[in-house]
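Engineer: The opening position of the sequence shown corresponds to residue 1 in full-length UniProt numbering, with each subsequent residue numbered one higher. Ideal placement from N, C-alpha and C gives every residue a C-beta, glycine not left out. On a predicted model such as this, the values are computed, not experimentally measured, just so you know.
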Amino acid sequence: MAHLNPDPFDFLLTLEDDLYTTAYAQGAADGSHAGRIEGRIFGLEKGFDKFAALGQLHGRAAVWGARLPSATTITTEKNDLVNGENEAALPTLSVNERLKKHIQMLHALTDPATFSTLNTEDAVADFDDRSKRGRAKAKIIERIVGETGSPSSPDGEAPETAAGNIRISAAKQKKGDDSIEDFVGSRFLS
């Protein structure tokens, strides 16, 4: 009776596929685990940034609300001016019902106790909507009060500078033939 031996080269011919399959499965498992950790950290950082911006808006609303005049603060200010006890304090805002309504609305929009911290689509959409409306209210209040934006705006954007990257050169400094290759005002050439 003849005994059939398996071909010794079958193992060698399938070695590449076996190693690829094993390495792929291990890499997918490791990547999935690392991705969850990285995603969680990224989510926490973004959530913190969003709530920090909300807190800044809420704080500004509280300061503006405290600067609104009331009957008691008007008499207290007069007494302080007479007594000479006027310390460094923010001036009160002018009496304006529209301004008062905007400040109250900003305070209500940015109240942290009213926000859900769940990670659902509805809660995130509500947070983003109220945050966007709060930033718009803050800009309206700034314009009414006559203040400029804070050094770091609540939406994370850097304040614009007046100068920019390229200076505008005056006509007397102009050299060249006014073609597109004329970079007289470039900050790199001065």
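Does the segment 105 to 112 come into contact with the segment 52 to 67, if we say contact requires no fewer than three beta-carbon pairs (one atom in each stretch) closer than 8 Å?
Structural biologist: yes
Engineer: Give me the residue from Leu-57, Phe-9 and Gly-43 with the minimum Cα distance to Asp-111.
Structural biologist: Looking at Leu-57, Phe-9 and Gly-43, the one whose alpha-carbon comes closest to that of Asp-111 is Leu-57.
Engineer: Cα separation between Asp-18 and Ser-32?
Structural biologist: 21 Å
Engineer: Express the C-alpha separation of Pro-6 and Leu-44 in angstroms, rounding to a whole number.
Structural biologist: Using only the alpha carbons, I get a separation of about 57 Å.
Engineer: Rounded to a whole number of angstroms, what is the C-alpha to C-alpha distance between Lys-137 and Gly-59?
Structural biologist: 13 Å
Engineer: What do you reckon, are the CB atoms on residue 273 and Lys-100 nearer than 7 Å?
Structural biologist: No answer is possible for residue 273: the residues shown for the chain start at 1 and end at 190.
Engineer: Considering only their Cβ atoms, is the gap separating Ser-131 from Leu-15 smaller than 7 Å?
Structural biologist: no
Engineer: If you run the structure through DSSP and keep just helix, strand and coil, what is Glu-147?
Structural biologist: coil
Engineer: Tell me the DSSP secondary structure of Asp-7 in three-state form.
Structural biologist: If DSSP states are grouped into helix, strand and coil, Asp-7 belongs with coil.
Engineer: Just verifying my parser: in three-state terms, what is the DSSP assignment at Thr-21?
Structural biologist: Thr-21 falls in the helix class under three-state DSSP.
Engineer: Count the other CB atoms, across all protein chains shown, that sit within 10 Å of the CB of Arg-98; report buried if there are 16 or more and exposed otherwise.
Structural biologist: exposed
Engineer: Here's the rule I'm using: 16 or more other beta-carbon atoms within 10 Å means buried, otherwise exposed. How should Ile-134 be labelled?
Structural biologist: The amino acid at residue 134 is misidentified as Ile; the sequence shows Gly. The residue is buried, with at least 16 neighbouring Cβ atoms inside 10 Å.
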